[in-house]
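Below is one structure, written out as structure tokens; the observations come after it.
Protein chains: 2
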Amino acid sequence: PKGMSNGRAVNGFLLDITGVLYNSIYKSDGVAIAKSAEAVDFLYQHSKVKFLSNAKGNSNRNVARRLQRLGINVREEDVITPAPVVAQYCRENKLRPHLFVRDDVLEYFDGIDTSSPNCVVMGEVEEGFSFDRINRAFRILIDMPKPLLITMGNGKFFQRVDGPCIDVGAFAAALKFSTNCEVLNIGKPSRFYFEQGMNALGMKPEEIVMVGDDLMSDVGGAQTCGMRGIQVRTGKWRPDFEKMPVTPDLTADCLYDAVKLIADNGFRL
Amino acid sequence: PKGMSNGRAVNGFLLDITGVLYNSIYKSDGVAIAKSAEAVDFLYQHSKVKFLSNAKGNSNRNVARRLQRLGINVREEDVITPAPVVAQYCRENKLRPHLFVRDDVLEYFDGIDTSSPNCVVMGEVEEGFSFDRINRAFRILIDMPKPLLITMGNGKFFQRVDGPCIDVGAFAAALKFSTNCEVLNIGKPSRFYFEQGMNALGMKPEEIVMVGDDLMSDVGGAQTCGMRGIQVRTGKWRPDFEKMPVTPDLTADCLYDAVKLIADNGFRL
């Protein structure tokens, strides 16, 4: 936009993954979003980039491999997802979690005591979700004097190619309704989780832009932490986002367009 | 209790079923609660009685048959459950529901147009509950300009012999979180639903006592409607109920004790 050359420096990019780099398809690798691979290559060459995702179903290794199979050259060590952050939080706070999570992320919890749980960690929706599993989590929480639920993200829905899907935030609301548990989200939009991205980039929030498809979690969350938030019109983006109470610093049709616009402006926004 | 002979007349009884007459066991008939059969026989002989349940998994016929198999002689025509009341509500309000309910209650919705739904009716937990089914309900609600969810009861949990189980109120909270839908509960503690019980007895609320194991839905709900609410220490009763902000008009160890106490007092409380 006009006058943008008066903007502030952009020294680093945090990119959401699902809905920004690729669109997910149930039980398949999904499909790359046009030119996201080029945008990622460009950022690796000309700026600094890390990937801050709420993806809760796969290890960072498998997230990176999937993207590589789609032709998007993301390095495993640059991927941030909630599961290892939650595991580290449990270690530091001597928590014994009941794990309501996907098998693929269990490795992060190796060595953590899960006997007589004093919290529930939830990151499962889709194939491993069942009444029995949420009920097991419920029974553990209802018996605690101060029930604590740690959730990997707190989203209302995620987007698959076949349509929107109810997300873990809804089931956190369900468990809170029935047990009055405290809900601690370790995922966007929590400040604690955005700090993982800032630390990985080694930058202050005002140097960073976050690019995402979720207006509240990505854009609003980043802005609350002092970063700039960029909305892309891919993934879960819906026209009614533009009536909502968060105003992105930039809205672009896709990641590539956002990156090109900022680069053409001398990495200022 | 002392001085109770100064109480008001009790002309009719509304009894909750699960946790008051019997305790439920997953995929079986459950077990009768001691002396509930005698209490029911006594009320049929000496007073008026109807059964106001939030049971959402079975038709009234099958609810009555199950009780009869347990030796509790409840007549089908005296059983009130949400499903037929919801169906009637849909007919009167020209609603086209998406049915997220058990097969056994589908018969009540015969003849109701369910194409291009303009609301969701939810009464399914346990065996038919799945991510796909709640997600189908979510997708219908998220696409409505004014999403409406009708729920058969709004409980936090129900009690099975193996332990407490997260109930439909939690999944209503989940759908509300993700779609901002209006939630209309047709089940206790809604006044509309209690009125079904009052109408069946043909009495004013002040003549009636409601006996239940759920402090909020049964006891609190009845009191809000001008009835007296009796808490029994069976079913889902938990000691911490006695610290909660609803004070029953009477607390008894079981239905039989409550009935005997009121009868011995000349049907006054």
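Chains A and B are the protein sequences, given in the same order. Going by this note's numbering, the residue at position 265 of the first sequence is 265; the numbering climbs one at a time, nothing skipped. Going by this note's numbering, the residue at position 80 of the second sequence is 1080; the numbering climbs one at a time, nothing skipped. Note that the Cβ used here is the ideal one computed from N, Cα and C, for glycine as well. Since the model is a prediction, treat every value here as computed from it, not as a measurement.
C-beta neighbour in chain B for residue i, strict 8 Å
| i | result |
| --- | --- |
| A:Gly220 | no |
| A:Lys2 | Note that A:Lys2 scores 49 on pLDDT, short of 50, meaning its location in the model is unreliable and no value can be drawn from it. |
| A:Arg139 | yes |
| A:Glu126 | yes |
| A:Gly169 | yes |
| A:Ile142 | yes |
| A:Cys243 | The sequence as given places Lys at residue 243 of chain A; Cys does not occur at that position. For A:Lys243, the answer is no, since every Cβ of chain B falls outside 8 Å of its Cβ. |
| A:Ala173 | yes |
| A:Ser217 | no |
Own chain, CB closer than 7 Å to residue i, minus 5 neighbours either side, in chain order
| i | result |
| --- | --- |
| B:Leu1175 | Ala1137, Phe1138, Leu1141, Leu1149, Cys1181 |
| B:Gly1128 | Arg1102 |
| B:His1046 | Ala1263 |
| A:Lys2 | The pLDDT assigned to A:Lys2 is 49, lower than 50, so where the model puts this residue is not dependable; a value taken from the coordinates is nonetheless given after this. Around A:Lys2: no qualifying Cβ. |
| B:Ile1186 | Pro1082, Val1085, Val1086, Tyr1089, Ile1150, Met1152, Phe1192, Tyr1193 |
| A:Thr284 | Because chain A spans 1 through 269 in this model, residue 284 of chain A falls outside it and cannot be assessed. |
Buried versus exposed call for residue i [16 or more other C-beta atoms within 10 Å across all chains shown]
| i | result |
| --- | --- |
| A:Glu124 | buried |
| A:Gln159 | buried |
| B:Thr1234 | buried |
| A:Gln196 | buried |
| A:Ala173 | buried |
| A:Val31 | exposed |
| B:Asp1240 | exposed |
| A:Val161 | exposed |
Beta bridge counterpart(s) of residue i as assigned by DSSP
| i | result |
| --- | --- |
| B:Tyr1022 | B:Thr1018, B:Ala1032 |
| B:Thr1251 | B:Gln1231 |
| B:Leu1099 | B:Val1121 |
| A:Gly12 | A:Ile208 |
| B:Gln1045 | B:Gln1045 is not bridged to any residue. |
| A:Val40 | According to DSSP, which records beta bridges pairwise, A:Val40 is partnered with nothing at all. |
| B:Val1246 | According to DSSP, B:Val1246 bridges with nothing at all. |
| A:Asn185 | A:Thr151 |
Closer than 8 Å to chain A by CB, residue i
| i | result |
| --- | --- |
| B:Cys1165 | yes |
| B:Asn1135 | yes |
| B:Glu1182 | no |
| B:Lys1236 | no |
| B:Val1259 | no |
| B:Val1063 | no |
| B:Leu1067 | no |
| B:Lys1204 | no |
| B:Ser1178 | yes |
Contact set for residue i: own chain, Cβ-Cβ below 6 Å, skip 5 residues either direction
| i | result |
| --- | --- |
| B:Thr1179 | Leu1141, Ile1142, Pro1147 |
| B:Val1079 | Phe1051, Asn1060, Val1063, Ala1064 |
| B:His1098 | Pro1117, Val1120, Ile1140 |
| B:Met1227 | Pro1205, Ile1208, Met1210 |
| B:Gly1169 | Asn1154, Gly1155, Lys1156 |
Endpoints, alpha helix (DSSP H) assigned at residue i
| i | result |
| --- | --- |
| B:Asn1135 | 1131-1142 |
| A:Val259 | 255-264 |
| A:Pro82 | 82-92 |
| B:Leu1201 | 1191-1201 |
| A:Ala55 | Taken as a continuous stretch (DSSP letters only), A:Ala55 belongs to no alpha helix (DSSP H), as it is neither H nor E. |
| B:Leu1067 | 1060-1069 |
Bounding residues of the beta strand (DSSP E) (the contiguous stretch that carries residue i)
| i | result |
| --- | --- |
| A:Gly163 | 163-166 |
| B:Ala1222 | Unbroken run through B:Ala1222 is the alpha helix (DSSP H), 1221-1224; no beta strand (DSSP E). |
| B:Cys1181 | Unbroken run through B:Cys1181: none, as it is neither H nor E. |
| B:Met1210 | 1208-1212 |
| A:Thr114 | Note, A:Thr114: premise wrong, no beta strand (DSSP E); not H, not E. |
| B:Leu1148 | 1148-1151 |
| A:Arg160 | 157-160 |
Partners in chain C for residue i, counting only beta-carbon separations shorter than 9 Å
| i | result |
| --- | --- |
| B:Ser1116 | Any reference to chain C falls outside this structure, whose protein chains are A and B. |
Close beta carbons around residue i, own chain, < 8 Å, minus the five adjacent residues each side
| i | result |
| --- | --- |
| A:Ala87 | Tyr108, Phe109, Ile112 |
| B:Ala1009 | Glu1207, Phe1267, Arg1268 |
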